[in-house]
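Peer 1:
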Amino acid sequence: MNNDVFQISPDEVTSELISAKERFLRGIQPYLCNGISNLADLHEIQQHASKYFNTAVKLVQKVDLCKLDDNKTFAISLVGDCRAVLETYLEYYDMMVSNIKCLEIDPNNIVLYSKDGLSNLQRIIKKYSSKDIYTPIIAEFESRNLPIDGFTIGTPMNWKLIVTAIIGFLSFCIFLSITLLIPDLNEFQKKMIFSLYFMSAAVGISPFIANNIKVNGKMAFRGSEFKVSAVGGLAALIVSFIIQVI
402 MNNDVFQISP DEVTSELISA KERFLRGIQP YLCNGISNLA DLHEIQQHAS
452 KYFNTAVKLV QKVDLCKLDD NKTFAISLVG DCRAVLETYL EYYDMMVSNI
502 KCLEIDPNNI VLYSKDGLSN LQRIIKKYSS KDIYTPIIAE FESRNLPIDG
552 FTIGTPMNWK LIVTAIIGFL SFCIFLSITL LIPDLNEFQK KMIFSLYFMS
602 AAVGISPFIA NNIKVNGKMA FRGSEFKVSA VGGLAALIVS FIIQVI
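So for the sequence shown, the working numbering puts the first residue at 402; every next one is plus one.
Okay, structure coming up:
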């Protein structure tokens, strides 16, 4: 799917987040160099952080998440961006907690960025990345007693996976019925029906298999589930028929 269907492109998301983080770091640089000495300093840092995290949340809101299933490249890019934001949040949170303790300031006088505000970013990482990527992030949030609602809220099943599975199952049933209703098939017809069994199975399971094949932590197949299903089914049909003929 072309990126034109989105209000914003992957490069724009990444670029805006990088710019926002640079502004955030520039804003707090004096305090990192000279030290944080009072409540006013913490409030100033908090304001810079809120601007950065608000930018991230607003950018994600511009993305039609329902269409990400059709654009795996965008989804993978967005996962990287969301992951970077969450890692920055953890560093910011640790810094604020440490300074609040050192300055013996009442934590109630400091309002950290909404702990629940990043749940959409968590959800994107959970849905479009592998377990070895999001599990360490969940552990980091849990160790700080921070919310992980975005990681735990069940992500909706991709409807295209359901459709391809149903199509594969129905096709298998149809070809099986043909075999039972017409027992006196000739040799060629038997081979073709047998190949169609494999095709039906491939149509149903190809998208599930493709979603779990990763190279260097990234999904190897980024096409639509329907395309993967069609290619997988056609390949199974051709290969199984050739094997029988040989």
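Glycine included, each C-beta is placed from N, C-alpha and C at the ideal position.
#1: Going by C-alpha distance, which of Q645, I644, S544, M600 is nearest S630?
#2: Contact between the region 529 to 539 and the region 563 to 575 is defined here as three or more beta-carbon pairs at a separation below 8 Å; is this criterion met?
#3: Find out if the Cβ-Cβ distance for the pair K561, F627 is shorter than 8 Å.
#4: For the alpha helix (DSSP H) containing N587, list its first residue and its last residue.
#5: If we count Cβ pairs, one from each stretch, closer than 8 Å, do we get three or more for the region 571 to 580 versus the region 539 to 555?
#6: Put P548 into one of helix, strand or coil per three-state DSSP.
#7: For G633, which three-state DSSP category applies?
#8: What do you get for D482, buried or exposed, if any count of 16 or more other CB atoms within 10 angstroms of its CB means buried?
#9: Compute the Euclidean distance between the alpha carbons of L491 and D470, then round it to the nearest angstrom.
#10: Got a sec, what are the start and stop residues for the alpha helix (DSSP H) K459 sits in?
Peer 2: So, from the data block:
#1: Along the sequence shown, read from residue 1 onward, the residue named residue 630 stands at position 229. The shortest Cα separation from S630 among Q645, I644, S544, M600 belongs to M600.
#2: Proximity of the region 529 to 539 to the region 563 to 575 falls short of the contact definition, fewer than three beta-carbon pairs being nearer than 8 Å.
#3: Residue 561 sits at position 160 when you count from the first residue of the sequence shown. Residue 627 sits at position 226 when you count from the first residue of the sequence shown. Going by C-beta atoms, K561 is nearer than 8 Å to F627.
#4: Position 186 of the sequence shown, counted from the first residue, corresponds to residue 587. Annotation: N587 is outside any alpha helix (DSSP H) and is labelled neither H nor E by DSSP.
#5: Judged by Cβ distances under 8 Å, the region 571 to 580 makes no contact with the region 539 to 555, as fewer than three pairs qualify.
#6: Counting from 1 along the sequence shown, the entry for residue 548 is found at position 147. P548 falls in the coil class under three-state DSSP.
#7: Numbered from its first residue, the sequence shown carries residue 633 at position 232. DSSP places G633 in helix when its eight states are reduced to three.
#8: As a working note, residue 482 is residue 81 in the sequence shown. Looking at its Cβ environment, which holds 16 or more other Cβ atoms inside 10 Å, D482 is buried.
#9: For the purposes of this step, residue 491 is taken as residue 90 along the sequence shown, with counting starting at 1. For the purposes of this step, residue 470 is taken as residue 69 along the sequence shown, with counting starting at 1. Going from the Cα of L491 to the Cα of D470 covers about 28 Å.
#10: Against the sequence shown, residue 459 aligns to sequence position 58. Note, K459: alpha helix (DSSP H), 440 to 462.
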